[in-house]
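Step one of this worksheet: look at the structure below.
Numbering (this note's numbering), first residue to last: 119 to 331.
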């Protein structure tokens, strides 16, 4: 009798083990197991704080580099943060915007766009800028720059959908591949090491801003 009980006990144990294996197979399918991919996020504009070797202008190509500089320029032209001191810094000419502009095109920004930015910033708004397209107008010196703005009335309330607007900026652009040799009588290495905006190191200048929508 004892042997019979042991026999059925062992058989029951085998059945339970088999069921446990089947159940674990349902819970964890080795054929579809998930893997964790590790990504590095860019923590800073400074290349010293990025993993890997920074891309060179040659890696981008002249046309892509020009479009990146255009995107940088219109971002500096339109972006809004809820910080009046940031606007004051831009109006004082301590950003890449003034270095990428002629005095006349910078003055256009001061008189047409800066007041709007000041009003939005005073109200605590946040605005981001995206380049939609950049194309040279036929038989014309001006580039047609299409952009999109997303404006949140309050920067800390993302439950409210932003106001999306589209516009066109016509710009007379001077661009030559390569980098400047000096800025404000500083060597380009010294300028960058002192924290200067890298965008201003390129031979890119907006000579005139004709109109905008």
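Each residue gets a CB set at the ideal place from its N, CA and C atoms; glycine is no exception.
From a predicted model like this one, the values you see are computed outputs, not experimental measurements.
Contact set for residue i: own chain, Cβ-Cβ below 8 Å, skip 5 residues either direction
i, result
"residue 213", "194, 207, 315"
"residue 185", "249, 252"
"residue 192", "247, 249, 263, 265, 287"
"residue 227", "195, 215, 219, 327"
"residue 209", "228, 232"
"residue 310", "316, 319"
Residues that DSSP places opposite residue i in a beta bridge
i, result
"residue 196", "Residue 196 pairs with nothing; no bridge assigned."
"residue 290", "260, 326"
"residue 266", "248, 284"
Three-state secondary structure assigned by DSSP to residue i
i, result
"residue 233", "helix"
"residue 219", "strand"
"residue 274", "coil"
First and last residue of the uninterrupted alpha helix (DSSP H) at residue i
i, result
"residue 208", "202 to 209"
"residue 280", "Counting along the chain, residue 280 falls outside any alpha helix (DSSP H), and DSSP gives it neither H nor E."
"residue 176", "175 to 178"
"residue 308", "306 to 311"
CB of residue i within 9 Å of CB of residue j, strictly
i, j, result
"residue 198", "residue 249", "no"
"residue 200", "residue 232", "no"
"residue 301", "residue 317", "no"
"residue 293", "residue 276", "no"
"residue 241", "residue 271", "yes"
Endpoints, the beta strand (DSSP E) within which residue i is located
i, result
"residue 245", "244 to 254"
Cβ neighbours of residue i in the same chain (closer than 6 Å, five flanking residues each side left out)
i, result
"residue 268", "246, 280, 282"
"residue 137", "none"
"residue 251", "264"
"residue 331", "In this prediction, residue 331 scores a pLDDT of 46, lower than 50, which makes its location untrustworthy; the coordinate-derived value is nonetheless stated afterwards. These residues qualify, in order along the chain: 285, 286."
"residue 323", "292"
Same chain, Cβ closer than 7 Å to residue i, neighbours up to 5 away in sequence not counted
i, result
"residue 312", "none"
"residue 260", "288, 289, 290, 328"
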